[in-house]
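Here the numbering used here is used: the first residue of the sequence shown is 633, the next is one more, and so on.
The beta-carbon is built from N, C-alpha and C at its ideal position, and this holds for glycine as well.
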Amino acid sequence: MKKLVLLFLALCALALTGCGGASRHQSLAGQVVEARLDSAGQPQMLLIQTREGEQVGILPTREARFLGMDGLDAEALLGDGQTEVALSAEIFLPDRTTLTANDGRTLPAYPSDLVQVTGYSLPEPVLLEDGTALRLWHYQDARAYLLPTGEELLRVQKTVSPEQVFTAGGESFSDLPWAVRDRILAFYDARGPLYDEAAQLKAAYGRYLLDPDGYTPAFLSQESSLSASGEGALYFLTLVTCPGENGYLHQLRLGEAFERLTGEPLAAGNLFTCPEEELASRLLALAGIADPALRGEMEQAFEPQNLIFFPDNLEIGFPAGSLPGQENDCLVGLDLDQELRALLQPWAVPSQGQ
Numbered sequence: 633m634k635k636l637v638l639l640f641l642a643l644c645a646l647a648l649t650g651c652g653g654a655s656r657h658q659s660l661a662g663q664v665v666e667a668r669l670d671s672a673g674q675p676q677m678l679l680i681q682t683r684e685g686e687q688v689g690i691l692p693t694r695e696a697r698f699l700g701m702d703g704l705d706a707e708a709l710l711g712d713g714q715t716e717v718a719l720s721a722e723i724f725l726p727d728r729t730t731l732t733a734n735d736g737r738t739l740p741a742y743p744s745d746l747v748q749v750t751g752y753s754l755p756e757p758v759l760l761e762d763g764t765a766l767r768l769w770h771y772q773d774a775r776a777y778l779l780p781t782g783e784e785l786l787r788v789q790k791t792v793s794p795e796q797v798f799t800a801g802g803e804s805f806s807d808l809p810w811a812v813r814d815r816i817l818a819f820y821d822a823r824g825p826l827y828d829e830a831a832q833l834k835a836a837y838g839r840y841l842l843d844p845d846g847y848t849p850a851f852l853s854q855e856s857s858l859s860a861s862g863e864g865a866l867y868f869l870t871l872v873t874c875p876g877e878n879g880y881l882h883q884l885r886l887g888e889a890f891e892r893l894t895g896e897p898l899a900a901g902n903l904f905t906c907p908e909e910e911l912a913s914r915l916l917a918l919a920g921i922a923d924p925a926l927r928g929e930m931e932q933a934f935e936p937q938n939l940i941f942f943p944d945n946l947e948i949g950f951p952a953g954s955l956p957g958q959e960n961d962c963l964v965g966l967d968l969d970q971e972l973r974a975l976l977q978p979w980a981v982p983s984q985g986q
């Protein structure tokens, strides 16, 4: 019982609004619906509408800090009458007061010494082929295309690079030497997104027109992370998530290998002791694919970029549509046992698989 009481107290201390004698600070977030500026162009009052539909006033103090995003100045965004802005603000609950909105309503308001822009939409719309004007919202971790009705059509997450992913329980990207990290990041920067955003936007709008009431917003993302490492090689997984039919998501899984000492890309064929033209056959035999027809199809569809290394296993991926009659992704897994290790160059064996 004593442990339960201690846990409750710990959770209380973490609550936003405070618990008992805890701090009475709280974070409020929403979209700006009214803004008043002083003679110097600084925001005096910001009326926001929260996700719950409540309208609350934010009253920046003289010492208030304004944080922008994407290199854009917060005060300039908030003072631009055409730019829509979303923000979060730190408020102090005991200092609650009221304000009069432009339409005469009396609404609650709170002073704030920290206002951060979390999203913005510039006035210029994104036009579709039929003339439909979309609003493009920029957020800290994504951008979203909104229909004239306000519904979200497509959300595109910002590409996640290896330096933004922490690997628990193993070697992390941040453990590597700076020169190696810089070379690997240069590879991913140069490669860029592996999806066509304009084509995905067009496809999403086509699906929306077929069933506006049942439409599920489309989603795009790409993330690369360190998946395994060996004595002489570093292995990465790139996961690309794209919208599929009927609201489902399709994932493309790609593997990349780099030299441990230099960060230079490694061709998959260099990782194995057998000739590259035998690689598919040898790996599928180790995986136990006995059906001759299926094995033949897999050998034809095999791509070295679909080899993904983990500490204790190797994955062979076959994306949706690459195998005849297979509408979904197909994954073949091989344990990193003696037979597979013998097929790999000694320096290429993932460390935890030794």
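Where residue i sits in the DSSP three-state scheme
| i | result |
| --- | --- |
| residue 656 | coil |
| residue 707 | helix |
| residue 793 | coil |
| residue 816 | helix |
| residue 847 | coil |
| residue 890 | strand |
| residue 683 | coil |
| residue 883 | strand |
| residue 927 | helix |
| residue 967 | strand |
| residue 753 | strand |
| residue 716 | strand |
| residue 959 | coil |
| residue 745 | strand |
| residue 647 | Summary for residue 647: the model assigns pLDDT 40, below 50, so the residue's position carries little reliability, and this model does not support an answer. |
| residue 839 | helix |
| residue 767 | strand |
| residue 772 | coil |
| residue 607 | The question about residue 607 has no answer, for the chain in this structure spans 633 to 986. |
| residue 952 | coil |
| residue 908 | helix |
Expected contact under 8 Å - CB spacing of residue i and residue j to nearest Å
| i | j | result |
| --- | --- | --- |
| residue 755 | residue 714 | 4 Å |
| residue 991 | residue 748 | Residue 991 cannot be examined here, being either before or after the span of the chain that is shown, 633 to 986. |
| residue 895 | residue 980 | No, residue 895 and residue 980 are not in contact; Cβ-Cβ is about 16 Å, not under 8 Å. |
| residue 832 | residue 786 | 7 Å |
| residue 660 | residue 721 | 5 Å |
| residue 977 | residue 903 | 6 Å |
| residue 964 | residue 925 | Contact doesn't hold; Cβ gap of about 15 Å is too wide. |
| residue 805 | residue 887 | Not quite, the Cβ-Cβ distance comes to about 16 Å (not below 8 Å), so this is no contact. |
| residue 930 | residue 955 | 7 Å |
| residue 826 | residue 884 | 7 Å |
Buried versus exposed, by CB contacts within 10 Å (16 or more), residue i
| i | result |
| --- | --- |
| residue 951 | buried |
| residue 938 | buried |
| residue 983 | exposed |
| residue 692 | buried |
| residue 874 | buried |
| residue 798 | exposed |
| residue 708 | exposed |
| residue 908 | exposed |
| residue 974 | exposed |
| residue 744 | buried |
| residue 656 | exposed |
| residue 697 | exposed |
| residue 729 | exposed |
| residue 694 | exposed |
| residue 859 | buried |
| residue 653 | Unreliable positioning characterises residue 653 in this predicted model, as indicated by a pLDDT of 46, which lies under 50. A coordinate reading is not provided. |
| residue 671 | exposed |
| residue 917 | exposed |
| residue 842 | exposed |
| residue 867 | buried |
| residue 892 | buried |
| residue 683 | exposed |
| residue 776 | buried |
Selection from the options that minimises the alpha carbon distance to residue i
| i | options | result |
| --- | --- | --- |
| residue 681 | 924, 847, 761 and 733 | 733 |
| residue 897 | 711, 769 and 823 | 823 |
| residue 865 | 725, 943 and 825 | 943 |
| residue 704 | 926, 696, 694 and 717 | 717 |
| residue 857 | 690, 802 and 901 | 802 |
| residue 662 | 696, 872 and 685 | 685 |
| residue 861 | 890, 961, 884 and 676 | 890 |
| residue 911 | 892, 929, 934 and 893 | 934 |
| residue 788 | 731, 840, 849 and 845 | 849 |
| residue 773 | 883, 702 and 845 | 702 |
| residue 738 | 922, 679 and 771 | 679 |
| residue 780 | 790, 676, 759 and 752 | 759 |
| residue 658 | 700, 711, 742 and 699 | 742 |
| residue 726 | 735, 740 and 830 | 740 |
| residue 763 | 837, 958 and 892 | 837 |
| residue 914 | 710, 948 and 899 | 948 |
| residue 746 | 905, 761 and 690 | 690 |
Residue i CB to nearest heavy atom of the ligand SAM below 8 Å
| i | result |
| --- | --- |
| residue 742 | With respect to small molecules bound, the structure shown includes none, and the ligand SAM cannot be examined in it. |
CB contact below 9 Å: residue i versus chain B
| i | result |
| --- | --- |
| residue 855 | Here chain B cannot be found, since the structure has a single protein chain. |
Legend entry - contact_flag[the region 815 to 835, the region 779 to 794] where n(CB pairs < 8 Å) is 3 or more: The region 815 to 835 vs the region 779 to 794: in contact.
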